[in-house]
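Q:
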Amino acid sequence: ERKGRKKKVLLMGKSGSGKSSMRSIVFSNYVAKDTRRLGATIDVEHSHVRFLGNLTLNLWDCGGQDAFMENYLATQRDHIFRNVEVLIYVFDIESREFERDLITYSSCIEALRDNSSNARIFCLVHKMDLVQTELRERLFNERRDVLVSRSLGLAITCFQTSIWDETLYKAWAGIVYTLIPNLPQLETHLHRFASIADAEEVILFERTTFLVISHVTRSPIPNPFPDRFEKISNIVKQFKQSCSKMASNFTAFELRAAGFSAFIDVLTPNTYILVVMPAGAAESATTLMNIAVARKHFE
Ligand code: GTP
Ligand code: MG
């Protein structure tokens, strides 16, 4: 049971596609511009990330230079591709050799199928910031169709990503969501909390990554702007980084606006909760109290 909670995640794709950049931003408190200093990854860099209390991600960031790739597919084949829960394969949208990238990708998919037949596969079409905004959707759809056709009939999920905006958080939250144990239980608690606090919306974030774990929206929101959860992840993450530069620690936050008020607070040792209350709702103290009471149910 304990062992089952350690999930092996392979991060692959050709050299320079942006694997270590994403990992450093999501899990190690880098901001996007810090990634310019990263050198090429030599062989495989392992990291263990304690996610929610009992979930540990065992990240294998596999350096993508040709010689390493050949090694993974030959000598180290079993070692690399065995017991994999998730493969994340990164494609640089600016790659001048997409066809060649696809051949390597197919070889990896084949090795994965032979060694970890139940692994989930995610393809990230990355560095989309380098594509003109109005061309992104079309280009992404084209790439996705090709990737699906090269995946040996296995199911894949594709995301378009960039380290320069919230798409990074959307993709990684989507991936990690599939790995979280006890989700139904967690979501029941979240629903109950939202209704007790009489909140409009409640969002649960993982503490270090600030990835969205789950959310409950109770009343229909008049003009919901798309990707608002991921935007919050991105903004709060940058805010936390500024706080840590000033040697202060971010713990809680309250925002009062015309139509609503919002509270971010620590919920459990591994989570933050964001509670959106309607305008003119109960006093802040009541909401904070509700959060305090909820803590023990989530721990
Ligand atoms: P290997 O370790 O050699 O396999 O490469 P890698 O996939 O780990 O690449 P790395 O993360 O080191 O990134 C290479 C370069 O791409 C860095 O200079 C990053 O700043 C840049 N980069 C990463 N993500 C993005 C992105 O979304 N957009 C843009 N424009 N550049 C990015
Ligand atoms: Mg790297």
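In this text, residue positions in the sequence shown follow full-length UniProt numbering: the first is 3, and each later residue adds one. Idealized CB from N, CA, C, for every residue including glycine. Since we're looking at a predicted model, the values are computed, not measured.
Since I215 and T273 are thought to touch, with beta carbons under 8 Å apart, how far apart are those beta carbons, to the nearest angstrom?
A: That belief holds up - the Cβ atoms of I215 and T273 are roughly 7 Å apart, short of 8 Å.
Q: Quick one: give me the first and last residue of the beta strand (DSSP E) that R61 is part of.
A: This sequence places Leu at residue 61; Arg is not what is there. T58 to C64 is the extent of the beta strand (DSSP E) around L61.
Q: Specify, as a first and last residue, the run of the beta strand (DSSP E) that I44 falls within.
A: That residue, I44, is in no beta strand (DSSP E); it is neither H nor E in DSSP.
Q: I'd like to check one pair, V46 with W62: are the Cβ atoms closer than 9 Å?
A: Contact flag set, yes.
Q: Determine the contact status of S153 and I123, defining contact as a CB-CB distance below 9 Å.
A: Going by C-beta atoms, S153 is nearer than 9 Å to I123.
Q: Measure the beta-carbon distance from T37 to S30 and round it to whole angstroms, keeping in mind my assumption that it falls under 8 Å.
A: With a Cβ gap of about 10 Å, T37 and S30 do not count as contacting.
Q: Comparing C-alpha positions only, which one of F93, K129, T288 and V268 sits nearest to T210?
A: Of the listed residues, the one whose Cα sits closest to T210 is V268.
Q: Which partner residues of C125 appear in the DSSP bridge assignment?
A: In the DSSP output, where bridge partners are listed per residue, C125 has Y91 and C160.
Q: Where in the stretch 159–247 do unbroken runs of the beta strand (DSSP E), each at least 3 residues long, occur, reported from the N-terminal end onward?
A: Listed in chain order, they are 203–208 and 214–219.
Q: Counting along the chain, where does the alpha helix (DSSP H) carrying residue 2 start and finish?
A: As shown, the chain starts at 3 and ends at 301. That puts residue 2 outside it, with no answer to give.
Q: Measure the alpha-carbon distance for A69 versus S151 and round it to whole angstroms.
A: Answer to the nearest angstrom: the Cα atoms are 26 Å apart.
Q: May I ask you to report which of helix, strand or coil DSSP gives T77?
A: T77: coil per DSSP, three-state reduction.
Q: Taking 8 Å as the cut-off, does the CB of V92 come closer than this to any heavy atom belonging to the ligand GTP?
A: V92: yes, Cβ under 8 Å from the ligand GTP.
Q: Among A196, Y91, G55 and E96, which residue has its Cα nearest to the Cα of N184?
A: Out of A196, Y91, G55 and E96, G55 has the C-alpha closest to the C-alpha of N184.
Q: Output the boundary residues of the alpha helix (DSSP H) element that contains M291.
A: Residues S286 to F300.
Q: Express the C-alpha separation of P186 and S118 in angstroms, rounding to a whole number.
A: Near 26 Å, if we compare the C-alpha coordinates of P186 and S118.
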